[in-house]
DNA sequence: GTTTGGTTTAACCAAGTGGTCAAAATTACA
DNA sequence: TGTAATTTTGACCACTTGGTTAAACCAAAC
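Protein chains in written order, with the working numbering: chain A, 1 to 203; chain B, 204 to 406.
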C-alpha cells in the first residue's frame, strides 16, 4: 500500500504532473488515474482522498523549492559567497521545474491556512541570516541593507520570470525562442550583478 | 441586458471578487450569483456562459494592471524619471488590488493560448522603450543595460511580493503585522534605489 | 490445492456542476 | 389602460465530480 510500490510511485509521478499543471481545482482524479495508467478506484486505494494525494505532492514540491534555501541560511560562508551560490542553485532548481513557482504561489493564495500548516514542519530560520547581515554591516564588509528586502529581492528576481513566463515570453520576447534562451542564459549573471553591486563596498 | 445595468454591474463586481479569489476552476456560478444577490439563471441571462463572464473579468483586470505600463513606455520623459514614476504608480495599483498579480499569473499559466488571445488587442510597444534605452546609453546618461532584463527586474521586484504574499507574510515576517506594514511602506524606495543605482552614472 | 493477504477492477452512487426553459414579475410604451 | 418587451425566477436536466463497495485477481504460505 505504501508509496514505495511501483504503482504508488507511478501515481505520485502522474499526480505531480497533473496537479502542478492544473492546480488542485483544475485537476481531475480520473485524469491522474489515466496518466498513471491505472483504475480510478486504485487511486483512492493508495491515497484515500484527493486532498490526501494533493498534500503528498505539495509537500514534496515545496521542500524541493526551499531545500537549498535552508542551506543558504545556515551555512558557514561569507554573505556575498552565500548569495552567489544561492542564486546559482535556485535558478538551476527552477529551470528543472519551471512550473513549480506558479503552482506553489497559486495554491498558497487559494488556501493559505491549510498550505501554511503543511509547511509548518519545514522550519526556516531567518534569524541566523539576519544576524550575519548585521555583523557584516558592522564589519564594514557590506553596505547597510534591510535583510528582509534583500532576501525578497533575490527570490523575486529569480522566481518571477518563471511565475509569469507565458506572459513575458509573449509580451517581452514576442515568442522568439532565441531571445527567450538568451535571456535565460544571462539571467544568473544579471541577478548577481544587480544584488552584489548593491552590497559590495570596494569597486 | 448590457453591463451598464445595475444588475449587470453588481454581477461584474461579484464575479470579479470570486474569480480573482478562487480562479476560474475554483469559482462556482452559484457562489457568484449569491454574492451578487441574484438568481443563478440571471447570471446566464446576462453572460451566456462561465467562460464569457470570466473573459469580461479578466480583460478588465489585466488592462488595469498594464494601463500605466503603456504610459511608461510611450511617454516623453527621461528614462530615470519614467522608471521612478512607473514604480510609484505600479505599486499603488497593486496595493489597491493585491490579489490581481496572483490571479493573472495563475490564469495565464492555466490556459496560455486563450488568455494571450484575450490580451492580443492591448498592444504594448516595447520597441520604443528599447530604442530610448539604447539612445541614453549612447548619450552616456546611463550605464549599458539589457532593456529586457531591466523591465523584468522592475516588474519582478514590484509584483512578486504580492504574488507570494501569504508565504512571505508567514516565513519572512512571522505574521507580525507591524513588520509587514513597515516592509510595504519602504518597498518603493527600496526598489527605486536598487534599480536606479544600477543605471545612474554620477552619484 | 487451498487459504490468506494484499492488489486491482467494474459497477455504482450521491452531490454537485454549468446550463436551459417556460412561466411569472416588472417595466416600457402606445 | 392594455399590451409588448424586458427582466427575474424556480424547477429542471444532462453530465461530471470525488468517492464507495463488493467481487475478482494473484502471489506467497501452508
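For glycine and all other residues, C-beta sits at the position ideal for the given N, C-alpha and C.
- Message: How far does the alpha helix (DSSP H) with residue 360/B in it extend, from its first residue to its last?
- Response: Going by DSSP, residue 360/B is part of the alpha helix (DSSP H) stretching over 350-366.
- residue 38/A (DSSP reduced to helix, strand or coil): In the three-state DSSP reduction, residue 38/A falls in the coil class, being neither helix nor strand.
- Query: Between residue 137/A and residue 395/B, what straight-line distance do the alpha-carbon atoms span, to the nearest angstrom?
  - Reply: 21 Å
- Inter-residue spacing [alpha-carbon to alpha-carbon] between residue 241/B and residue 258/B: 20 Å
- Task: Take residue 34/A as the anchor and find which of 76/A, 7/A, 111/A has the nearest alpha-carbon.
- Result: The option with the nearest alpha carbon to residue 34/A is 7/A.
- Item | Contact set between the region 160-188 of chain A and chain B, restricted to residues whose Cβ is under 8 Å from the partner | Within the region 160-188 of chain A, the residues whose Cβ lies closer than 8 Å to some Cβ of chain B are 160, 161, 163, 164, 165, 166, 167, 168, 170, 171, 172, 173, 179, 183, 186, 187, listed in chain order.
- Message: What does DSSP give as the partner residue(s) for residue 345/B in the beta ladder?
- Response: 403/B
- Task: Using alpha carbons as the reference points, say which of 70/A, 148/A, 98/A lies closest to residue 85/A.
- Result: 70/A
- Task: Run through the region 57-100 of chain A for me and flag every whole alpha helix (DSSP H) of 4 or more residues, listed as ranges in chain order.
- Result: Every unbroken stretch of the alpha helix (DSSP H) spanning 4 or more residues and falling wholly within the region 57-100 of chain A is given here in chain order: 79-96.
- Message: Between the alpha carbons of residue 1/A and residue 15/A, how many angstroms are there, rounded?
- Response: Note on residue 1/A: pLDDT 49, under 50, position unreliable in the model; the coordinate value appears next. Cα to Cα, residue 1/A sits roughly 16 Å from residue 15/A.
- Item | Residue nearest to residue 164/A in terms of C-alpha spacing, selected from 377/B, 369/B, 379/B, 354/B | Of all alpha-carbon atoms in 377/B, 369/B, 379/B, 354/B, the one lying nearest the alpha-carbon of residue 164/A is that of 354/B.
- Task: Less than 8 Å between the CB atoms is what I'm expecting for residue 162/A and residue 72/A, so what's the real figure, rounded?
- Result: Not a contact, Cβ separation roughly 18 Å.
- Any residues in the region 220-254 of chain B with a beta carbon nearer than 9 Å to a beta carbon of chain A? Which ones, in chain order? 224, 225, 226, 227, 228, 229, 230
- Task: Can you have a look at residue 313/B and say buried or exposed, based on whether 16 or more other CB atoms are within 10 angstroms of its CB?
- Result: buried
- Taking only beta-carbon positions, decide if residue 345/B is within less than 9 Å of chain A. No, its Cβ sits nowhere closer than 9 Å to a Cβ of chain A.
- Message: Are the CB atoms of residue 104/A and residue 397/B within a distance shorter than 9 Å?
- Response: no
- Output the boundary residues of the alpha helix (DSSP H) element that contains residue 318/B. 315-322
- Message: Within the continuous alpha helix (DSSP H) that includes residue 219/B, where are the two ends?
- Response: 209-229
- Query: Going by other Cβ atoms of all chains shown within 10 Å of its Cβ, with 16 needed for buried, is residue 316/B buried or exposed?
  - Reply: exposed
- Between the C-alpha atoms of residue 22/A and residue 107/A, what's the straight-line distance to the nearest angstrom? 11 Å
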